[in-house]
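S.K.:
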Ligand SMILES: [Zn+2]
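In the numbering used here, the protein residues as written are 1 to 375.
1) Please report how far the alpha carbon of residue 247 lies from the alpha carbon of residue 212, in whole angstroms.
2) For the beta strand (DSSP E) holding residue 333, just list the boundary residues, first then last.
3) Is it the case that the CB of residue 106 approaches a heavy atom of ligand 1 more closely than 7 angstroms?
4) First and last residue of the alpha helix (DSSP H) that includes residue 352?
5) Between which two residues does the alpha helix (DSSP H) carrying residue 376 extend?
6) Applying the 10 Å Cβ sphere with the 16-neighbour rule, what's the burial state of residue 148?
7) Buried or exposed for residue 314, going by 16 or more other Cβ atoms inside 10 Å?
8) Quick one: give me the first and last residue of the beta strand (DSSP E) that residue 199 is part of.
9) From which residue to which residue does the alpha helix (DSSP H) around residue 113 run?
10) From this set, 291, 184, 254, which residue's C-alpha is nearest residue 267's C-alpha?
11) Hey, would you say the C-beta of residue 102 is under 7 angstroms away from at least one heavy atom of ligand 2?
12) Is residue 251 buried or exposed, if buried means 16 or more other CB atoms sit within 10 Å of its CB?
13) If you draw a straight line from the C-alpha of residue 96 to the C-alpha of residue 112, how long is it?
14) With a threshold of 7 angstroms, establish whether the CB of residue 234 neighbours any heavy atom of ligand 1.
15) Which complete alpha helix (DSSP H) runs does the stretch 137-161 hold, if anything under 4 residues is left out?
16) Across which residues does DSSP place residue 96 in a beta bridge pair?
17) Taking the C-alpha atoms as reference points, what is the distance between residue 115 and residue 175?
18) With a 10 Å radius around its C-beta and 16 neighbouring C-beta atoms as the bar for buried, classify residue 146 as buried or exposed.
19) Taking the straight line between their C-alpha atoms, what separation do you get for residue 294 and residue 311?
20) Is the closest heavy atom of ligand 1 to the C-beta of residue 237 under 7 angstroms?
21) Looking at residue 134: is its Cβ nearer than 8 angstroms to the Cβ of residue 162?
22) Can you look up residue 307 in the DSSP assignment and give me helix, strand or coil?
23) Would DSSP call residue 377 helix, strand or coil?
24) Where does residue 286 land, buried or exposed, given buried means 16+ other C-beta within 10 angstroms?
25) Would you be able to state if there are at least three C-beta pairs under 8 angstroms between the stretch 191-204 and the stretch 349-359?
26) Shortest alpha-carbon distance to residue 140 belongs to which of 301, 347, 318?
27) Nearest to residue 284 by alpha carbon, out of 264, 189, 260, 339?
28) Would you decide whether residue 325 is buried or exposed? Buried here means 16 or more other CB atoms lie within 10 Å of its CB.
29) In terms of residues, what are the limits of the alpha helix (DSSP H) holding residue 302?
30) Answer with buried or exposed for residue 241, where buried requires no fewer than 16 other C-beta atoms within 10 angstroms of its C-beta.
31) Using the beta-carbon count (16 or more within 10 Å), is residue 297 buried or exposed?
32) Would you mind sorting residue 276 into buried or exposed? The rule is 16 or more other CB atoms within 10 Å of its CB.
33) Taking only the alpha-carbon atoms, compute the straight-line gap between residue 341 and residue 278 and give it to the nearest angstrom.
34) Give the secondary structure of residue 249 by DSSP, where H, G and I count as helix, E and B as strand, and everything else as coil.
35) If residue 99 and residue 128 are in contact, beta carbons under 8 angstroms, what's the gap, nearest whole angstrom?
36) Which one of 256, 232, 321 has the shortest CA to CA distance from residue 220?
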């Protein structure tokens, strides 16, 4: 949970976001062996939520045949992409992802996944941040000294933190290769687990919903990541996810991206149950269907891991105080598919996470399928 979860309000106004240079890693679509070696596996250990296993278990023969066709079609696209070279224009063919989050540090929950997509897999990720992040000043005492401002004083913190946290988000976004960031500057009031309070009293809900819809229409995203709207999490996290699900639901079916809820954790078997009163938050399974393991080793003598990148991101959010203690606390980035997704969403997500979760080949870029062509 981000420390911005404890803060108040400023006039809401939309800002044009920063535009960060898109990754220029050559587009080279490389499907991993585990995708092509796909086969039904009836033996599933209890609690085993590794990527693709739940889908293995649930696919009927008919869906399996469809999946083979799906992979074959992708292989065709792969060959085309390999021949295409590495121009910026071609890089746009990578997967397109939108993050919609409440607070300036919420990208932490899926930071390793985002880094893989933008820096190593030729995809693009944009980020919409709904609040101004003015709360959470109680934990800013170390940042007081760093920024030379008495941020732990409520009036000072609420006045100064929005700008500071926007800059922190921009720096973290550069590390993660985020292409565009948009800040809606809604009120980041105080910690509550009540999503209704946020939706009915704190935010300009219709304005936020319209803005999300606008981003979805313009961005033509393949996937949208939101924070898992878990019962115990901040009401603003829940509200951001609920509004995103509503926005996607209101799109024409052919334009809907696949939407997943994300939550970082120390294990792979955390459970989620539909948020009472919000049936849109229902997920396919209580346990996550997909993971990215931040401890995945890479580099010389495999001495590095993606925990290092996550640490870079955490370090940029210096004003967040308690958030700094999250370093190496969460090994897994867990993802749940919402049931509101179209039927093909599982296969599309399997393909995405099979590539993301594959061991990186040091010095060699890999790519993600342009799944939109396969719909
Ligand atoms: Zn947060």
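The C-beta atom is built at its ideal place from N, Cα and C for all residues, glycine as well.
Here the structure is a predicted model, which is why all the values come from computation and not from measurement.
M.R.: This is what the structure gives:
1) If you draw a straight line from the Cα of residue 247 to the Cα of residue 212, it comes to about 6 angstroms.
2) Unbroken beta strand (DSSP E) run through residue 333: 332-337.
3) Correct: residue 106 has its Cβ closer than 7 angstroms to ligand 1.
4) Segment 345-357, the alpha helix (DSSP H) holding residue 352.
5) Here the chain covers residues 1 to 375 and nothing more, so residue 376 does not appear.
6) The residue is exposed, with fewer than 16 neighbouring Cβ atoms inside 10 Å.
7) So residue 314 ends up on the buried side.
8) Element bounds for residue 199: n/a, residue is neither H nor E.
9) Boundaries of the alpha helix (DSSP H) around residue 113: 111-115.
10) Nearest neighbour of residue 267 by Cα position, chosen from 291, 184, 254, turns out to be 291.
11) Looking for ligand 2 in the displayed structure turns up nothing; the ligands present are ligand 1.
12) Here residue 251 is exposed: its Cβ has fewer than 16 other Cβ atoms, across all protein chains shown, within 10 Å.
13) Between residue 96 and residue 112, the C-alpha separation is close to 16 angstroms.
14) Yes, the Cβ of residue 234 comes within 7 angstroms of a heavy atom of ligand 1.
15) Qualifying alpha helix (DSSP H) stretches, in chain order: 141-147.
16) DSSP, once it has assigned bridges, lists 124 as partnering residue 96.
17) C-alpha separation (whole angstroms): 8 angstroms.
18) By the neighbour-count rule (16 or more Cβ atoms within 10 Å), residue 146 is not buried but exposed.
19) Rounded to whole angstroms, residue 294 to residue 311 spans 11 angstroms at the Cα level.
20) Yes, the Cβ of residue 237 comes within 7 angstroms of a heavy atom of ligand 1.
21) Yes, the pair counts as a contact, with Cβ atoms nearer than the cut-off.
22) DSSP, read as helix, strand or coil, puts residue 307 in helix.
23) For the chain, the structure presents residues 1 to 375; residue 377 sits outside this window and is missing.
24) Burial call: exposed.
25) With a cut-off of 8 angstroms, the stretch 191-204 and the stretch 349-359 do not count as touching, because too few Cβ pairs lie within range.
26) The residue with the shortest Cα to Cα distance from residue 140 is 318.
27) Closest option to residue 284, Cα to Cα, is 339.
28) Exposed: under 16 other Cβ atoms inside 10 Å.
29) Unbroken run through residue 302: none, as it is neither H nor E.
30) So residue 241 counts as buried.
31) By the beta-carbon neighbour count (other beta carbons within 10 angstroms, threshold 16), residue 297 is exposed.
32) Under this definition residue 276 is an exposed residue.
33) The C-alpha of residue 278 is placed about 15 angstroms away from the C-alpha of residue 341.
34) Helix at residue 249.
35) The distance from the Cβ of residue 99 to that of residue 128 is about 7 angstroms, consistent with a contact at the 8 angstroms cut-off.
36) Ranking 256, 232, 321 by Cα distance to residue 220 puts 256 first.
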